[in-house]
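By the count of the working numbering, the sequence shown reaches residue 449 at its end, each step adding exactly one.
Below you'll find the structure, written out as structure tokens, and then a few comments.
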Amino acid sequence: MIVAGRNEEEVSEMGVLAINGGKPTRTKPFHKWPVFDEREVQALREVVESGQWWGRTKGSKVEQFEEAFARYQHARHCIGCTNGTIALYLALRAVGVKPGEEVIVPPYTFIASASSVLDVGAVPVFADIDPTTMTLDPQAVEAAITPRTSAIMAVHIAGRPCDMDALTEIAKRHGLALIEDAAQAHGASWKGRRVGAIGDAGGFSFQASKNITAGEGGAVTTDDDEIAEKVWSLHNCGRSRVGEWYAHYIIGGNHRMTEWQAAILLVQLQRADELHAKRQRNANYLNSLLKELEVVEPLREDERVTEHAYHLFIFRYFPERMGNVPKAKFIEALRAEGIPASPGYKPLYREPAFSKSALDWHPYARHYDYSKVKCPVTERVCDHEAVWLKQEIFLGEPEDMEDIARAIKKVRDNYRELL
Ligand SMILES: Cc1ncc(COP(=O)(O)O)c(C=O)c1O
Numbered sequence: 031m032i033v034a035g036r037n038e039e040e041v042s043e044m045g046v047l048a049i050n051g052g053k054p055t056r057t058k059p060f061h062k063w064p065v066f067d068e069r070e071v072q073a074l075r076e077v078v079e080s081g082q083w084w085g086r087t088k089g090s091k092v093e094q095f096e097e098a099f100a101r102y103q104h105a106r107h108c109i110g111c112t113n114g115t116i117a118l119y120l121a122l123r124a125v126g127v128k129p130g131e132e133v134i135v136p137p138y139t140f141i142a143s144a145s146s147v148l149d150v151g152a153v154p155v156f157a158d159i160d161p162t163t164m165t166l167d168p169q170a171v172e173a174a175i176t177p178r179t180s181a182i183m184a185v186h187i188a189g190r191p192c193d194m195d196a197l198t199e200i201a202k203r204h205g206l207a208l209i210e211d212a213a214q215a216h217g218a219s220w221k222g223r224r225v226g227a228i229g230d231a232g233g234f235s236f237q238a239s240k241n242i243t244a245g246e247g248g249a250v251t252t253d254d255d256e257i258a259e260k261v262w263s264l265h266n267c268g269r270s271r272v273g274e275w276y277a278h279y280i281i282g283g284n285h286r287m288t289e290w291q292a293a294i295l296l297v298q299l300q301r302a303d304e305l306h307a308k309r310q311r312n313a314n315y316l317n318s319l320l321k322e323l324e325v326v327e328p329l330r331e332d333e334r335v336t337e338h339a340y341h342l343f344i345f346r347y348f349p350e351r352m353g354n355v356p357k358a359k360f361i362e363a364l365r366a367e368g369i370p371a372s373p374g375y376k377p378l379y380r381e382p383a384f385s386k387s388a389l390d391w392h393p394y395a396r397h398y399d400y401s402k403v404k405c406p407v408t409e410r411v412c413d414h415e416a417v418w419l420k421q422e423i424f425l426g427e428p429e430d431m432e433d434i435a436r437a438i439k440k441v442r443d444n445y446r447e448l449l
């Protein structure tokens, strides 16, 4: 047998794992992203030809999208904006978080969950996560509360809702605002209620990787009329919906969604249900396959998570069950097998952006020493356990899930080649 120009003897010397020159489990690419068709092109053409290029007019595509997305997320209000980072900033300001106050944030998330807090002048305080869900651990949240705490940032990481029962109870008992970072959680639901307006306000992202996308984009959702008006004003230069054009009631900014974004998003929303169901079906199947592989484990099942958006599929790898092969090496071996796995986040407080010198611009956070923060679960998960697969992989067929499981099994069975 000749493999890539080598004879059989050479190949067996090199090993069976693809990382060592063996035949990869899979060479076929996974599902492509973004998903689009002629309808997106047509929607953009309509905007061009209408001459109505600005989104803040009556009946605009931005307004239509806001109504449709509010309905989709079971929220009374939705305000479109430029991106998810700004959505969180607007939500924090609208619920009244003030400079110098503290907001509890998980360190296992994208930087915007914390940078938005810094942007309103407040200070992120990190609370650890539950390793079986990767979302905020309510007990750690409770322990992080100080007299300066004014809000909790509940990040529905990977598209899996946080324990909203526990976080709502803690927020109520301590008089804190509850913001949902739902940037990855389109269509996700907790006990049948979609996320985004379970807490006081939520922020969504429509950036290129997200399950519903226009390349960039964001939205704030809320059930609270006053918060909705405040967000609307903040995102539109401090104007009021009923005031004169040059009347500015608060200091806001121009954070308006464009008509182009909304045109694309309206079409994306039409196929969201179909793709959402497909991701869940394939992810459930992969979870069932992973249960048999011993060296990895799926995350905990919780019947209160009624819909997982699976923006990411995260599973846990246990190096000690596989001769202490480091996570990075395990991922490298999987990638060589044709499975585009990735290691995911580092603990946010370890990012250079949280060093004393990098925070010298911030009037309050400069007095905090993030080098002393320790969230052991997050550190263990980041360094050793969490492995990610992206959402588009789950838009394919059940056979794709079987390839992933086969590749993990192959790496497991031949891990000595990695030592
Ligand atoms: C958890 C989380 N929060 C916030 C954001 C910020 O969204 P955007 O990139 O649209 O600003 C993202 C996405 O990138 C995210 O994944």
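C-beta: ideal position from N, C-alpha, C; glycine also.
Note that this is a predicted model, so its numbers are computed, not measured.
Own chain, CB closer than 6 Å to residue i, minus 5 neighbours either side, in chain order
i	result
residue 291	244 and 247
residue 32	The predicted position of residue 32 is uncertain, since its pLDDT is 41 and thus under 50; a value taken from the coordinates is nonetheless stated next. No residues qualify anywhere along the chain.
residue 204	175
residue 312	424 and 431
residue 346	327 and 415
Heavy atom of ligand 1 within 7 Å of residue i beta-carbon
i	result
residue 360	no
residue 369	no
residue 185	yes
residue 245	no
residue 237	yes
residue 226	no
residue 140	yes
residue 214	yes
residue 211	yes
residue 9	Any question about residue 9 goes unanswered here, given that the chain covers just 31 to 449.
residue 248	yes
residue 148	no
residue 449	no
residue 118	yes
Contacting residues, own chain, Cβ-Cβ under 7 Å from residue i (five flanking each side not counted)
i	result
residue 54	48, 366, 367 and 368
residue 447	45, 47 and 50
residue 40	Confidence in residue 40 is poor, its pLDDT being 48 and thus under 50, which makes the residue's placement unreliable; the coordinate value appears in the next sentence. Cβ within range, chain order: n/a, list empty.
residue 127	133, 150, 152, 180, 181 and 207
Sub-8 Å separation of residue i and residue j beta-carbons
i	j	result
residue 392	residue 240	no
residue 227	residue 195	no
residue 209	residue 231	yes
residue 293	residue 77	yes
residue 351	residue 324	yes
residue 400	residue 379	yes
residue 125	residue 181	yes
residue 107	residue 117	no
residue 360	residue 441	yes
residue 96	residue 110	yes
residue 103	residue 224	yes
Span separating the alpha-carbon of residue i from that of residue j
i	j	result
residue 419	residue 374	9 Å
residue 310	residue 88	36 Å
residue 279	residue 334	42 Å
residue 158	residue 143	14 Å
residue 356	residue 308	32 Å
residue 384	residue 405	15 Å
residue 193	residue 136	13 Å
residue 271	residue 234	22 Å
residue 138	residue 68	38 Å
residue 416	residue 354	15 Å
residue 185	residue 115	13 Å
residue 85	residue 299	18 Å
residue 265	residue 288	12 Å
residue 60	residue 436	15 Å
residue 122	residue 146	8 Å
residue 154	residue 148	7 Å
residue 119	residue 213	13 Å
residue 211	residue 439	35 Å
residue 238	residue 322	34 Å
residue 337	residue 277	43 Å
residue 171	residue 198	12 Å
Cβ-Cβ separation, residue j to residue i (assumed contact under 8 Å), whole Å
i	j	result
residue 152	residue 132	7 Å
residue 63	residue 422	4 Å
residue 168	residue 200	6 Å
CB contact check: residue i to chain C, cutoff 8 Å
i	result
residue 137	Judged by its chain identifiers, the structure shown contains no chain C, having just a single protein chain.
Heavy atom of ligand 3 within 7 Å of residue i beta-carbon
i	result
residue 114	By its list of ligands, the structure shown excludes ligand 3, since it contains just ligand 1.
Neighbourhood of residue i by C-beta, 8 Å cutoff - its chain only, sequence neighbours within 5 removed
i	result
residue 73	91, 293, 294, 296 and 297
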